[in-house]
Structure formats: structure tokens, C-alpha cells
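**Student:** Residue numbers (the numbering used here): 815 to 1140.
My questions all concern the structure below.
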Amino acid sequence: MDGANDSVVTEFVLVGLSVSWEMNIVLFCFFSLFFVGIVLGNLFIVFTVIFDPHLHSPMYFLLANLSLLDLGLSATAMIYDLFHEHKAISFLGCLIQILFIHIFGGTEMVLLISMAFDRYVAICKPLHYLTIMNPKMCVFLLVGSWFIGLIHALTQLAFVVNLPFCGPNEIDSFYCDLPRFIRLACAETYKLQFMVTANSGFISMGTFFLLIISYIYILATVQKHSSNGLSKALSTLSAHITVVVLFFIPSIFVYVWPFPTMPVDKFLFILDFVITPVLNPSIYTFRNKEMKVAMRRLISQLGSSRNILLIPLRLTVCLLPKLTTI
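So this is what it looks like as C-alpha cells:
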């Protein structure tokens, strides 16, 4: 972090999505409403998976972790913009935000591959599902996702941590956007921009095409063995495909698009930080009868409970043993 101490610029000002005061009020209400939905929706999924023994399976284990990643990604990007009237963030705070956004984002990309693998085994190898997707495999997939996401984020941070900043300090976004952050540096950053783009572009494009190919392969395999099962498989995978498309569009546009950063970029990332985290609970619950039944059971249990304050204690007691049994 020595580069931060030598820099003239000690903080950055986040311009946000609009300079209009009236529009900022509207956006604040919009983001606040959606942020509450993100927190409640994703935490409800996590609690339902933990407390309901009928959901202790690999698919729901991965789904609960996806909800936690969505919550972390949205909170990291939005919470500073929501709760600070003066949108100034310190140099160190900006680096930390970049780090966690790329950790959560990179981990989620790899976790989506793990979820696609889970669906492949469930649809194409149903008799071997529990043997292949055993607890050790689930933990391996989760740890592998976090490890790759961490390596990706640390690599990005290593590129920019020692950059000198001595000029403009306004970032035209509502969070510390890495491409815009680099362009403020008082140095030649063409090669650095290329390396950052190559890093994020590779993981975004590589993961996206790998997921699309896996979905096509699953559908082709199902159609080959049973034409009647194609519609069921397509219905099951449609939720995954929707999430993948919404999640990867901003990253691909920003990190693969050959032209300089444009104002539309910051609006595209609303898909990642706001829309997708809100839609995930809806996509994975309203289309899943087992999850809906489990949620009704949890609501009825909470309604009949005499002391709702015991919920955090129950969560702490049940979290580790129940996840290990999946």
C-alpha cells in the first residue's frame, strides 16, 4: 500500500448515476427498495436451506452460497452510495471495494459453473448423482470457487495498488469502477488496461461460453435419450440461463468491449448489483415447488415460535452440522 501513501490524491469522489438532485432522490429510493429486497430475499433462501432438512442436498447447498455471494456483491457496491451523502471514498477504501467486488464477482462466476455441473449430473447421470455430488465434492466446488475468485481479485489489485494519482479524483460511477480508476492514474496505463481487461475478460468470456456449452450439451444429451424429457430439462435450466445472461452482460461489455469506458457502463452494472440479486430469489423459488413448500413451512414455524429472538441462536447452532450433512 506504499503507492497510496506517495499519492497526492488521498480520496476519490463518486459521481454516481446522475448529477441531478431530483434524479438522485429517485435513484436513492429505487436502490433502497431493491437493497431491502436483496437482503430479505437472499437471507430468506439461506435460512430456508439451513433449517429445512428436505433441502439438505447439493443443489440447494450451492443455491444458498449463490445467495450469499449476491448479497455480498450488492452490499459491497451499493452500501457506500446509499448511506453517504458526500460520495467521497478514501484511496484505501476504494482499493478494498475493488478487491471485494472482484472476489464476490469472480467467485460467483465459478460457482455458476459448479451449479451447471450439478445440473449436468442430476439430469444426465441421475443414478450416480448422490455418489458424484457427495459432501466432499460440494465442499471442493465451493472452496475452489472462492479460491479462484480470490486469486482473480488479488491479481487485479496487484496491477493497480502502486499506481500514482496526482490529478482528477472523480470516478464517474456509483462505486470504485476498476477501468475508470485506472484512467485517473498519472502514468501511462495502456499496458495495464490491457492486462486488467485480459484478466477480467478471460474469466468473464471463458466462464460464459463454458456455461453456454454445458447447457447445450445437457439439452442435446437429454433430447438424444428422451424427447419428452427435453421440455423438463429446458424448464429446469431456463432459470440458470437467465441468471447467467443477466450476470455476464455487464462484465463482457466493460472488459471485452474494445472502446474506452462509456457512460452506459455504470448503468449496465445495475444488472449485476441490483437486478440479478433481486431476481435470483424469485427465479429459484417461484419456479421450484420444493423450495416454495419449504419456505411456507419456515414461515409457519416462525409464526408459531414464541420467541423470534432465538432465530440467530438457532442459526449459529444449526449452521455447521447441517451444511456438512447437506
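Using N, Cα and C, we set each Cβ at its ideal position, and we do this for glycine too.
By Cβ distance, which residues of its chain are closer than 6 Å to isoleucine 912, with the 5 residues on each side in sequence left out?
**Tutor:** Cβ within range, chain order: Cys990 and Leu992.
**Student:** Please report the straight-line C-alpha distance between valine 860 and proline 982, rounded to a whole angstrom.
**Tutor:** Approximately 42 Å between the Cα atoms of the pair.
**Student:** How many angstroms separate the CA atom of phenylalanine 1061 from the CA atom of leucine 1051?
**Tutor:** Computed Cα separation, rounded: 15 Å.
**Student:** Can you tell me the Cα-Cα spacing of threonine 1035 and leucine 1024, whole angstroms?
**Tutor:** Between threonine 1035 and leucine 1024, the C-alpha separation is close to 16 Å.
**Student:** For leucine 1082 versus isoleucine 985, is the C-beta spacing smaller than 8 Å?
**Tutor:** Not a contact, by the Cβ cut-off of 8 Å.
**Student:** Does valine 840 come out as helix, strand or coil in the three-state DSSP assignment?
**Tutor:** Valine 840: helix per DSSP, three-state reduction.
**Student:** Could you tell me the boundaries of the alpha helix (DSSP H) in which phenylalanine 988 lies?
**Tutor:** No alpha helix (DSSP H) contains phenylalanine 988, which DSSP labels as neither H nor E.
**Student:** Less than 8 Å between the C-beta atoms of phenylalanine 973 and leucine 998, yes or no?
**Tutor:** No.
**Student:** Can you give the beta carbon distance from valine 1010 to isoleucine 996, rounded, assuming they're within the 8 Å contact cut?
**Tutor:** About 7 Å separates the two Cβ atoms, so the contact holds.
**Student:** Please look up how many angstroms separate the CB atoms of threonine 890 and isoleucine 864, rounded, as I've assumed it's under 8 Å.
**Tutor:** Not quite, the Cβ-Cβ distance comes to about 23 Å (not below 8 Å), so this is no contact.
**Student:** Using only alpha-carbon positions, find the residue among Pro1095, Leu876 and Pro867 that is nearest to threonine 921.
**Tutor:** The candidate whose alpha carbon is nearest that of threonine 921 is Leu876.
**Student:** Taking the alpha-carbon positions, what's the glycine 830 to methionine 892 distance?
**Tutor:** Taking the straight line from one Cα to the other gives about 11 Å.
**Student:** Could you check how far apart the C-beta atoms of arginine 933 and histidine 1054 are, in whole angstroms? I think they sit under 8 Å.
**Tutor:** 7 Å between Cβ atoms; contact.
**Student:** Look at the alpha carbon of methionine 837 and the alpha carbon of leucine 869, and state the distance between them as a whole number of angstroms.
**Tutor:** Methionine 837 and leucine 869: Cα-Cα distance of roughly 43 Å.
**Student:** DSSP three-state call for phenylalanine 979: helix, strand or coil?
**Tutor:** Coil at phenylalanine 979, not helix or strand.
**Student:** List the residues that DSSP assigns as beta-bridge partners of valine 827.
**Tutor:** For valine 827, which the question treats as bridged, DSSP gives the partners Ala902 and Glu984.
**Student:** For leucine 906 versus valine 975, is the C-beta spacing smaller than 8 Å?
**Tutor:** No, the Cβ-Cβ distance between leucine 906 and valine 975 is not below 8 Å.
**Student:** Measuring only the C-alpha atoms, how far is phenylalanine 845 from glutamine 1037?
**Tutor:** For phenylalanine 845 and glutamine 1037, the distance between alpha carbons rounds to 42 Å.
**Student:** Could you check if proline 1126 is buried or exposed, using at least 16 other CB atoms within 10 Å of its CB as the buried criterion?
**Tutor:** With a pLDDT of 47 at proline 1126, under the threshold of 50, the modelled position of that residue is not reliable, and no figure is offered here.
**Student:** State the Cα-Cα distance for the pair leucine 956 and threonine 862, rounded to the nearest angstrom.
**Tutor:** Taking the straight line joining both Cα atoms gives about 19 Å.
**Student:** Determine the extent of the alpha helix (DSSP H) in which leucine 964 is found, giving its start and end residues.
**Tutor:** 949-974 is the span of the alpha helix (DSSP H), which, as asked, contains leucine 964.
**Student:** With distances taken from CA atoms, which of Gly1020, Phe842, Met923 and Met873 is nearest valine 1088?
**Tutor:** The residue with the shortest Cα to Cα distance from valine 1088 is Phe842.
**Student:** In or out: isoleucine 1113 buried (at least 16 other Cβ within 10 Å) or exposed?
**Tutor:** Exposed.
**Student:** What is the rounded straight-line gap between the Cα of leucine 971 and the Cα of serine 1014?
**Tutor:** If you take the alpha carbons of leucine 971 and serine 1014, they lie about 12 Å apart.
**Student:** Excluding the five sequence neighbours on either side, which residues of its own chain have a C-beta within less than 8 Å of the C-beta of isoleucine 946, listed in chain order?
**Tutor:** Only Val935 and Lys939 meet the Cβ criterion.
**Student:** Using beta carbons (cut-off 8 Å, strictly below), is histidine 868 in contact with chain D?
**Tutor:** Considering every chain present, this structure includes no chain D. It has just one protein chain.
**Student:** Any idea what DSSP makes of isoleucine 1002, helix, strand or coil?
**Tutor:** One detail in the question is off: residue 1002 reads as glutamate in this sequence, not isoleucine. It is coil, neither helix nor strand.
**Student:** Take serine 888 and list the residues in its own chain whose beta-carbon comes closer than 6 Å to its own, dropping the five residues that flank it on each side.
**Tutor:** So the qualifying residues of the chain are Ile852, Phe1087 and Pro1091.
**Student:** Contact check, lysine 1080 vs serine 987 under 8 Å by CB: the rounded distance?
**Tutor:** With 8 Å as the limit, lysine 1080 and serine 987 qualify as a contact, their Cβ atoms being about 4 Å apart.
**Student:** Quick check on the DSSP output: the alpha helix (DSSP H) that includes isoleucine 946 runs from which residue to which?
**Tutor:** Isoleucine 946 -> alpha helix (DSSP H) spans 943-946.
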